[in-house]
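Below is one structure; the comments refer to it alone.
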Amino acid sequence: MAPHPYPTRDEAVLTDELCRALLTPGSAEEMSRLLTDLCTPQEIRTLAERWHVARLLDGTELSYRDIHDATGVSTTTIVRIARFLRQEPHQGYRAAIDTLAASESSSDAD
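Quick note on my numbering: the sequence shown kicks off at 236 and runs consecutively.
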């Protein structure tokens, strides 16, 4: 059973609780339902656009300008995503992209 929540403003606690909640969906449909409850439609769209841009930066040779023209995402956001994808130590985009690629290639082998 999950620990009883308590009021807090501690960013680390809040982030940890959110991360744990985001790990609970067992399917894309369940995640969609959680995100719909958790986020505004614009927040979901922003997250989806960032993910799309990360995949374009990783999987294509498109320039930042080409990505901006095709998606409408600002070049400032595209540069930030590229920095987090390629330079920052967190490697969250990289881990997710690699995990999905491995999952898709194992599905193709079945």
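Each residue gets a CB set at the ideal place from its N, CA and C atoms; glycine is no exception.
Note that the coordinates shown come from a computational prediction; the quantities given were computed from them, not determined experimentally.
Residue environment analysis places Y299 among the buried positions, since at least 16 neighbouring C-beta atoms fall within 10 angstroms of its C-beta. Annotation for T310: Y299, H303 place their beta carbon closer than 6 Å to its own, counting only its chain and skipping 5 residues before and after. Taking all protein chains in view, the Cβ of V248 is surrounded by fewer than 16 other Cβ atoms within 10 Å, so the residue is classified as exposed. Take the alpha-carbon of L335 and the one of P240: they are about 33 Å apart. Ranked by how close their Cα comes to the Cα of F319, the residues L270, R285, D301, S338 have R285 in first place. Taking a contact as a CB-CB distance under 8 Å, the pair A317 and L292 counts as one, their CB atoms being some 5 Å apart.
Within a 10 Å sphere around the beta-carbon of V308 sit 16 or more other beta-carbons, which makes this residue buried.
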